[in-house]
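Written out below as structure tokens is the structure these notes cover.
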Ligand code: AHR
């Protein structure tokens, strides 16, 4: 029996809904085909956006969408993507597959997508190959209400009112694909570029995000916080789960064994160390925790599916990805004092996608269902909780058997999300609420075998089910969590 202690009286911090954010790049079939099919497509669409995809994402209450990259952001020139489509410049997407980019999805289309989704906007600016002026004018184009060359251009392009720009990234992976800069150099450049990222409406100041470290590059965080911490609202962090740790041979998304399963989960759990250590450095320079740690790229990265364009990063998604998502989302909750936003890579058809499409067909991945189970935490308050665990796994790949986080929801109920990392053991759990009786409890579960995934032939093989086997008495609830599963429980207090 494993005990889960919850203290509903001890609130530990706010769970920004943006902790469950997403990322969409001009990469492979993410934007084109996956989201945007154009007004003339036979696939049902509203202003060019796939209706099926938009509906599915609205069900997740998608809180924020980052765009246009990624590496693509640092070669994206926004003016190429506004105005009449027939006049938009065509370019080669050199990072991703060398395919032609016709810029038919640009600023207007992104803002329209966010309008349809009802989500916040996160635009990533080009510092790698763009100028200060170009970045400054993009922000002016999007957000200035009055008269100015850029605001007038927006109005001429059919949008009278300014757009709402919630988050703005100043460069992406500037230590790598975004310009191969050194931290001191980037810090200086960041200070310069961000000066001209103006806030035109002080009721909605732009939240400026500086490019942060690649995984465990703690020096980058140190230098950035020291030299530019006062000029940023957030600092990004990128960390991908690569099962083998070898970027040349990452492993298959669907063909893997027990050892790979635990190895992948162990690599995912490394996120805990990254969050703790980067936060500790940030604490040195920002004791009030004003600057957010923005994990704007996370998720699994496997060898792409056989027969697909290697530059398109298309991969399947199994119960292993479900557990990866469950672990990460619980960790972001637990670190909500510093982590203000996180964005899984990527939304559709790329890396750990929540949706896959094939022509007019669409399927929801196991990762989608985890986000569906976790949406109960959005804008809740993290509650003090502790779960007893034991170590399981294989040699060199040991992990705790369980992961959890608990919140008090905006609905006044307690929400628990749990993952069972074991492939063969089910665990009896007793939840104990401090000084609080339980009126009722209900749950939903996602479970299966490790390689289970949805295909276009069998799109509902992995899906959530009602979980009824819960017993409540006074301030305790008892249940057993099956192996290889993610569980959401909702408790009504007496
Ligand atoms: O998500 C794919 C790529 O991974 C992004 O373009 C880049 O920022 C990262 O290296």
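Residue numbers (this note's numbering): -12 to 481. C-beta: ideal position from N, C-alpha, C; glycine also.
Item	Value
Cβ shell of residue 355 (< 8 Å), same chain only, five flanking positions each side left out	43, 47, 341, 342
Secondary structure of residue 276, DSSP reduced to three states	coil
Residue nearest to residue 388 in terms of C-alpha spacing, selected from 367, 134, 207, 416	416
Terminal residues of the alpha helix (DSSP H) in which residue 178 lies	170 to 182
Nearest-angstrom Cα separation, counted from residue -11 out to residue 375	5 Å
Contact set for residue 426: own chain, Cβ-Cβ below 7 Å, skip 5 residues either direction	479, 480, 481
Beta-carbon contacts of residue 435 that lie in its chain and below 7 Å, excluding the five residues immediately before and after	306, 449, 471
Sheet register partners of residue 387 (DSSP bridge)	378
Residue 17 beta carbon near the ligand AHR (any heavy atom closer than 7 Å)	no
Length of the line joining the Cα atoms of residue 339 and residue 160	19 Å
Counterpart residues of residue 58 in DSSP-defined beta bridges	Partner(s): none; residue 58 has no beta bridge.
Helix, strand or coil at residue 106 according to DSSP, with G and I counted as helix	coil
Proximity test, residue 138 beta-carbon vs the ligand AHR heavy atom, cut-off 7 Å	no
The ligand AHR heavy atom lying under 7 Å from the CB of residue 291	no
Outcome for residue 344 when other beta-carbon atoms lying within 10 angstroms are tallied against a minimum of 16	buried
Of the residues 18, 380, 8, 32, the one placed nearest residue 92, counting alpha carbons only	18
Segment limits, beta strand (DSSP E) that includes residue 16	Element bounds for residue 16: n/a, residue is neither H nor E.
Beta carbon of residue 6 nearer than 8 Å to that of residue 326	yes
Outcome for residue 293 when other beta-carbon atoms lying within 10 angstroms are tallied against a minimum of 16	exposed
Residue range of the beta strand (DSSP E) that includes residue 410	From DSSP, residue 410 is part of no beta strand (DSSP E); its letter is neither H nor E.
Three-pair Cβ contact test at 8 Å for the stretch 137 to 155 versus the stretch 115 to 129	yes
beta-carbon residue 332 near the ligand AHR non-hydrogen atom, thresh 7 Å	yes
Residue 269, buried or exposed, once every other Cβ within 10 Å from all chains shown has been counted against 16	buried
beta-carbon residue 59 near the ligand AHR non-hydrogen atom, thresh 7 Å	yes
Residue -4, DSSP secondary structure in three states	strand
Nearest neighbour of residue 66, chosen from 105, 242, 120, 14 [CA to CA]	120
Unbroken beta strand (DSSP E) run spanning residue 432, endpoints	425 to 434
Element boundaries [alpha helix (DSSP H), containing residue 123]	119 to 130
Residue 222 CB to nearest heavy atom of the ligand AHR below 7 Å	no
Outcome for residue 348 when other beta-carbon atoms lying within 10 angstroms are tallied against a minimum of 16	exposed
Touching by the beta-carbon criterion (3+ pairs, under 8 Å), the stretch 135 to 146 and the stretch 27 to 46	no
Burial state of residue -5, where buried means 16 or more other Cβ atoms lie within 10 Å	buried
Euclidean distance between Cα positions of residue 337 and residue 444	20 Å
When 451, 380, 352, 58 are compared against residue 166, the one with the closest alpha-carbon	58
CB of residue 315 within 8 Å of CB of residue 352, strictly	no
Span separating the alpha-carbon of residue 30 from that of residue 335	16 Å
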